[in-house]
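Residue numbers for the sequence shown follow my numbering, beginning at 225 and rising by one.
Ideal Cβ placement from N, Cα and C applies to all residues, glycine included.
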Amino acid sequence: MPEQRFSDFIRRVLALGIPIALQSLLMSSLGFVDSLMISQLGTQEVAAAGIGARIFWVSIVFVWGLSSGMGILLAQYWGAQDETGLKKNLALGTSVTQLFAFIAFAICFFTPELLPGLFNPNAEVLALSTSYVQLLGIAMLFSGFGIAADTALRSIGQTRINLYLSIMEISLNVTLNYILIFGHFGAPALGLVGAGIGSVIARFVRLVAVIAIIYLKFPVLALRWLNVVNAFERTVLSKFFTITYPIVVGTFIWCAGIFTFHLILGRMGVTELATMAVITPLESIGLSVAHGLSSAAGIMVGNSLGASQFSLSSTYARWALKSSVILGASLGGILLILQTTILKFYGALSQEVIDLMIVSFPVVALSILMRTINITLIVGVLRSGGDSKFCMNMDFVCQWVWAIPITALGAIVFNWSFPVVLLMMVSEEIIKVVPACWRVFSDKWINNLTESKESTTV
């Protein structure tokens, strides 16, 4: 194999990562566009939408965590050219992912007031968020199979298809939201409920499209009933859950932590909750690009590990770290440069929310830098080698032992200002960089997860 150079790595990252980044950017932009549309309705609606979006986000991230465990194995089996192992883990991962999507649907649809009530909203915000969460629960039901399919396509390097599907979904979603929120083209003006209906329809259409594409164009990913039956063999179950359970537990711990952060902010007041609902999509847009880098690095590291090219995997990891620092600093800087322009889009919000946004931008920029580094190292490198237990422990300590207690004290006991409380939330990412970098340079994360190869080639 010819010697690899950093420039070769960057070219490969761009080829794989740009479609992923654009897909993630589009999905984050949907949240940004939704917040702009809903901001025309008022601060109460923005706060309610923020609650619903956070609940949906936690559910989606948890399902993505399940799916990412599957993706780690699929990338290595693809690198090892082992179709049997790939299909067994795909069938098992898809089954588990959809099961948890159904659980999220059941909670949101049948008890829609349960989770919004934890944010301690006023009666109007609670009523608005309850209807919205119920609709998002239906959208969640369609997300399990779709997320598993996206992960499978990405694991074999087919990143552009997911991008095209996202363009279709978001275009449909934005169009439906415009019609249903404000009542254009003869439709009733449904407000926040209209946004929820648009999300349900768009997510369902995407699910149908991705299933059709896989069965028509990618038979290696097309599951049959026999694949599902074989997936529940003891050896397959053992390996799958050994790799994925720390990711699932770690994702649950992390999602619960993010949810707790927003509960804390909800106790500070509607203004703070509305501010967080607005700045979260802005941060997500920046992190979309970081997601492209981490996913591309994960594919490359996973494929090289599956092919037992350990030295190359280690080199990729160091180059990924270097790239993440450059990218994170650039994204944070761009946000600060554009903050005045961004604020012009939110003229309908109260001046109190605008003022909080202004003083919070530097903290958000710092968060983007730190999160870019950590996402790349944890998701793109460490988990790709099956080092998910270390990641789980690191997330727990940094978030629950440090960041959540100090954030709660600052917000509830000491009554610190919103930007300072936000900085305490971000401190989780700041301290996490140190153990993440140490682990990457130790090379203890390097493992071939396909050692007991199961015959047949891709």
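Exposed unless 16 or more other CB atoms sit within 10 angstroms - verdict on residue i
| i | result |
| --- | --- |
| Leu647 | buried |
| Phe409 | exposed |
| Gly634 | buried |
| Gly530 | buried |
| Trp543 | buried |
| Gly571 | exposed |
| Thr321 | buried |
| Val664 | buried |
| Phe585 | buried |
| Val434 | buried |
| Asp619 | buried |
Beta-carbon separation (whole angstroms), residue i vs residue j, contact threshold 8 Å
| i | j | result |
| --- | --- | --- |
| Phe329 | Leu359 | With 8 Å as the limit, Phe329 and Leu359 do not qualify as a contact, their Cβ atoms being about 11 Å apart. |
| Ser608 | Gly522 | 5 Å |
| Glu652 | Cys622 | 5 Å |
| Gly415 | Ile425 | About 17 Å separates the two Cβ atoms, so there is no contact after all. |
| Asn617 | Val657 | That pair is no contact at about 16 Å. |
| Gly341 | Leu350 | 6 Å |
Residue i CB to nearest heavy atom of the ligand ZN below 6 Å
| i | result |
| --- | --- |
| Gly530 | Judged by which ligands are present, the structure shown has none, so any question about the ligand ZN falls away. |
Residue j beta carbon less than 7 Å from that of residue i
| i | j | result |
| --- | --- | --- |
| Val645 | Phe483 | no |
| Val237 | Ala520 | yes |
| Leu673 | Gly604 | no |
| Gly526 | Ile244 | no |
| Thr318 | Ala372 | yes |
| Met581 | Thr499 | yes |
| Leu445 | Ala376 | yes |
| Leu687 | Ile578 | Past the boundaries of the shown model lies residue 687; the chain is included only from 225 to 682, so the question cannot be answered. |
| Trp669 | Leu601 | no |
| Ile275 | Phe324 | no |
| Leu497 | Ala271 | yes |
| Thr468 | Gly303 | no |
| Leu260 | Phe569 | yes |
| Gln268 | Glu348 | yes |
| Leu298 | Leu310 | yes |
| Ala514 | Thr596 | yes |
Residues near residue i in its chain [Cβ-Cβ closer than 7 Å; skip 5 each side]
| i | result |
| --- | --- |
| Leu431 | Phe366, Phe369 and Gly370 |
| Ser390 | Gln247, Leu250 and Met251 |
| Gly241 | Gly516, Leu517, Ser519 and Ala520 |
| Met649 | Phe485, Ala627 and Thr631 |
| Asp667 | Ser538 |
8 Å CB neighbourhood of residue i in its chain, flanking five on each side removed
| i | result |
| --- | --- |
| Thr565 | none |
| Gly557 | Ala589 |
| Val257 | Val398 and Asn401 |
| Leu506 | Phe256, Leu559, Ile566 and Val588 |
Nonlocal neighbours in the same chain, by C-beta distance under 6 Å from residue i, ignoring five residues either side
| i | result |
| --- | --- |
| Ala455 | Lys312, Ala315 and Leu316 |
| Gln563 | Phe585 |
| Gly295 | Thr375 and Ser379 |
| Pro470 | Ser612, Lys613 and Met616 |
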